[in-house]
């Protein structure tokens, strides 16, 4: 079974600075997808960024980028120019590529605080 | 598009009562997922459907939990009888299958916060 581990329960960053959230996963599959979701106090789960395992290029979405190290099974999220609105719980998630709609396996989450 | 709709947003009930959570997926999506979020166990999948058919219910904790999807636009998650340890936030999510290489993003509803006294 796949597992996802986020070793940082809490992180903090100063506004406008850069922060990196860590995620590691364990799988025997070669085809899979990785995601970062953001959950603000409203509880809504919002997709931040996704990475296809077959792509070597790291995904980027505006101020959000990932460092995907397939051999190391590492998938970290970098938030540049942090904003107060980035404060939330961040979840790393794994999905098998074996079937179209398989489950997401989530990490424990990292609570990000942005200090003004 | 209204997104995934869940009702109610909050539910408070007493132990032993039946609870029914409802979900309307995004129109056209063919996968529907029920997740539960607790402090102790984090986010975990309970069950998911493809074209209204349950595919994997291995996450359903016990027989007190049941889920149905009578049509493509509606699903229910029922707990009978409810217990205090069922208190959690229950999320419904839907996605559109695009074949093996699709990213199949899952769109989440706002969740139902269930409190069982």
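Residue numbers (my numbering), protein chains in the order written: chain A, 1256 to 1371; chain B, 15 to 131.
Idealized CB from N, CA, C, for every residue including glycine.
- With a Cβ-Cβ cutoff of 9 Å, do residue 44 (chain B) and residue 110 (chain B) count as a contact? yes
- Out of curiosity, what's the CA-to-CA distance linking residue 1298 (chain A) and residue 1284 (chain A)? Whole-angstrom Cα-Cα distance: 31 Å.
- Message: Quick check for students: name the residue ranges of the alpha helix (DSSP H) that lie wholly in the region 1258–1306 of chain A, counting only runs of 4 or more.
- Response: none
- Item | Sequence-distant residues of the same chain with beta carbon closer than 7 Å to residue 1318 (chain A), five excluded per side | Spatial neighbours of residue 1318 (chain A) in its own chain (CB-CB distance under 7 Å, excluding positions within 5 residues in sequence) are listed in chain order as 1334, 1335, 1336.
- Have a look at the DSSP bridge pairing and note the partners of residue 1344 (chain A). A:1294, A:1366
- In chain order, what residues of the region 1360–1371 of chain A put their CB closer than 9 Å to some CB of chain B? 1360, 1361, 1362, 1363, 1364
- Query: Which residue comes first and which comes last in the beta strand (DSSP E) that contains residue 84 (chain B)?
  - Reply: 79–85
- Query: Does DSSP put residue 36 (chain B) in a helix, in a strand, or in coil?
  - Reply: strand
- Within chain B, partners of residue 1300 (chain A) - CB distance below 7 Å: 105, 122
- Task: Closer than 7 Å by beta-carbon distance: list the chain A residues that pair up with residue 56 (chain B), in chain order.
- Result: 1361, 1363, 1364
- Message: With a threshold of 9 Å between beta-carbons, can residue 71 (chain B) be considered close to chain A, or not?
- Response: no
- Message: Counting C-beta neighbours from all protein chains within 10 Å, is the total for residue 113 (chain B) 16 or more, i.e. buried, or is it exposed?
- Response: With a pLDDT of only 45 at residue 113 (chain B), under the threshold of 50, the placement of this residue in the model should not be trusted, and no figure is reported.
- Query: Looking at C-alpha atoms only, which residue of A:1368, A:1307, A:1324, A:1358 is the closest neighbour of residue 69 (chain B)?
  - Reply: A:1358
- Message: Checking 9 Å against the spacing of the C-beta atoms, do residue 106 (chain B) and residue 87 (chain B) come in under that value?
- Response: no
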